[in-house]
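Numbering (my numbering), first residue to last: 987 to 1113.
What follows is one structure encoded as structure tokens, with my remarks underneath.
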């Protein structure tokens, strides 16, 4: 799904370069805990969060995230927007709540990474 589609579906406001909205988004991850992003988020995902600060930009850079979506009508400060523009990191906002935004994107086919892996217990049985 292209980022522009997400903008349309969730009625987002774009805070960065319009030319970045062509990016394809395969996975998303939703949390307000940046330590969870570092631990469990798939590299290259869309981050959906209500946490609006510089730390989000730093984590996005580390995890090579494709975009950030702030929910609940939260607006990033000008220094956060400026930093995102410097990093060519698309930054969107929506009035929708976190749960609602995730549910809508899920119905349109966007998924998180699979965290449970099927493994063989050595006896031929799948766990």
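Ideal Cβ positions, reconstructed from N, Cα and C, are used throughout, including at glycine.
Quick caveat: nothing in here was measured; it's all calculated off a predicted structure.
- Contact annotation: residue 1017 and residue 1070 have beta-carbon atoms that are not nearer than 7 Å.
- Within the stretch 1051–1105, the complete alpha helix (DSSP H) segments at least 4 residues long are 1064–1072, 1084–1093, listed from N- to C-terminus.
- For residue 1011, same chain residues with a beta-carbon under 8 Å away, outside a window of 5 residues either side, are 987, 988, 989, 992, 1031, 1032, 1052, 1053, 1096 in chain order.
- Take the alpha-carbon of residue 995 and the one of residue 1083: they are about 14 Å apart.
- For the 7 Å CB-CB criterion, residue 1061 and residue 1079 form a contact.
- Under the criterion of beta carbons closer than 8 Å, residue 1045 and residue 1023 qualify as touching, at roughly 5 Å.
- With respect to the 7 Å criterion, residue 1059 and residue 1081 are classified as neighbours on the basis of their beta carbons.
- For residue 1014, DSSP records a beta bridge to 1032.
- Bounds of the alpha helix (DSSP H) holding residue 1045 are 1040–1048.
- At a Cβ-Cβ threshold of 7 Å, residue 1013 and residue 1073 do not count as neighbours.
- Taken atom to atom, the span from the alpha-carbon of residue 1007 to that of residue 1050 is near 16 Å.
- Taking the Cα of residue 1038 as reference, the smallest distance to any Cα among 1057, 1093, 1091, 1025 is reached at 1057.
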